[in-house]
Amino acid sequence: MVSRKSPKLDKKQVAETALRLLNEVGLEGLSLRAIAKELDVQAPALYWHFKNKQDLLDEMATEMVRRMAADWARLPPAGEEGADWQEGLRARMRGMREHLLRYRDGAKVYSGTRFTDLSYAEPMEAHLRMLTAAGFTPAGAARAWLTAYSYTIGHVIEEQAMGPDPAAGSEGYDLTARAERLKAFPLAAEAGEEIFQDHERGFEVGLEAVLAGIEATMRPDRP
Numbered sequence: 001m002v003s004r005k006s007p008k009l010d011k012k013q014v015a016e017t018a019l020r021l022l023n024e025v026g027l028e029g030l031s032l033r034a035i036a037k038e039l040d041v042q043a044p045a046l047y048w049h050f051k052n053k054q055d056l057l058d059e060m061a062t063e064m065v066r067r068m069a070a071d072w073a074r075l076p077p078a079g080e081e082g083a084d085w086q087e088g089l090r091a092r093m094r095g096m097r098e099h100l101l102r103y104r105d106g107a108k109v110y111s112g113t114r115f116t117d118l119s120y121a122e123p124m125e126a127h128l129r130m131l132t133a134a135g136f137t138p139a140g141a142a143r144a145w146l147t148a149y150s151y152t153i154g155h156v157i158e159e160q161a162m163g164p165d166p167a168a169g170s171e172g173y174d175l176t177a178r179a180e181r182l183k184a185f186p187l188a189a190e191a192g193e194e195i196f197q198d199h200e201r202g203f204e205v206g207l208e209a210v211l212a213g214i215e216a217t218m219r220p221d222r223p
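The sequence shown begins at 1 in full-length UniProt numbering and counts up by one.
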């Protein structure tokens, strides 16, 4: 707990507390008032740093990208001529998914926010350098990165929505009951086995499709 008299409360400290609290209450239950209580400060102390909940979510997403960037920095260098860009993207998208799953509603928090500092810039530059070194144009590299990035965030939003706790492997759907409801639609019923189970394998299958599509449509033929 942070004392009400502490002069050292800052945005990063608030964001870290909010991310911890997120796992207990979820996005809907998260509020500046709840975070103030957790920090043992008065709510106005937080409004000094954040005008509203969206400002807080922006800072939370920025803290998340700082943590992702620290892990990405430990990956083997991939910005050199002849580097395996597909393996580089696989590693980065797997790392992003892992980070988003660490937090309840993590992908929803991360999606659509505006970063509050340039923590994202160095890793983004490295990702794009990896792709341009592999023969992508700068525009193609940007589109390839965004395509894989958007797939990963969207996948995690869906798997977290399937809950109640996808990160721990719990399933939120009764597939037998679902199949019974859909017995007049056998293909839709059978699809549940693929859609609602083994999210990690599903992510990997989809990621391979994304990478194949990027290779086929965005990477110019190299001489």
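No residue lacks a Cβ here, since even glycine has one placed at the ideal position from N, Cα and C.
Keep in mind that this is a model prediction, so the values were computed, not measured.
Chain-order list of residues whose beta-carbon lies under 8 Å from that of residue i (same chain, five-residue window excluded)
i	result
F50	K11, V14, L32, L56, E59
I35	V14, T17, A18, L21, L46, L56
P138	L128, T132
residue 229	Nothing about residue 229 can be reported from this structure: the residues present for the chain run from 1 to 223 only.
R67	H99
Under 8 Å between C-beta atoms of residue i and residue j
i	j	result
R104	L22	yes
L218	A144	One detail in the question is off: residue 218 reads as Met in this sequence, not Leu. Result yes, Cβ atoms of M218 and A144 sit closer than 8 Å.
F203	R102	no
L211	Q54	no
L27	V109	yes
L9	V41	yes
Y173	G154	no
G206	Y151	yes
F196	L182	no
G135	P220	yes
Same chain, Cβ closer than 6 Å to residue i, neighbours up to 5 away in sequence not counted
i	result
P123	A69, W72
M1	Low local confidence applies: a pLDDT of 42 at M1 is under 50, so the model's placement there is unreliable, with the coordinate-based value given in what follows. Cβ neighbours of M1 beyond the five flanking positions: D40.
Y120	V65
A167	Reliability fails at A167, whose pLDDT of 41 lies under 50, so the model's placement of it is uncertain and the value that follows must be treated cautiously. So the list reads L101, once near-sequence residues are dropped.
Whole-Å CB distance - residue i paired with residue j, under 8 Å assumed
i	j	result
residue 242	A148	Past the edges of the chain, shown from 1 to 223, lies residue 242, and the structure says nothing about it.
A107	L100	5 Å
Which of helix, strand or coil DSSP assigns to residue i
i	result
H155	helix
W85	helix
V41	coil
T217	helix
G112	coil
Y47	helix
R74	coil
F203	helix
Q197	coil
S31	coil
Y120	coil
K11	helix
N23	helix
D105	coil
Do the stretch 114–125 and the stretch 147–162 touch if we need at least three Cβ pairs shorter than 8 Å?
-> no
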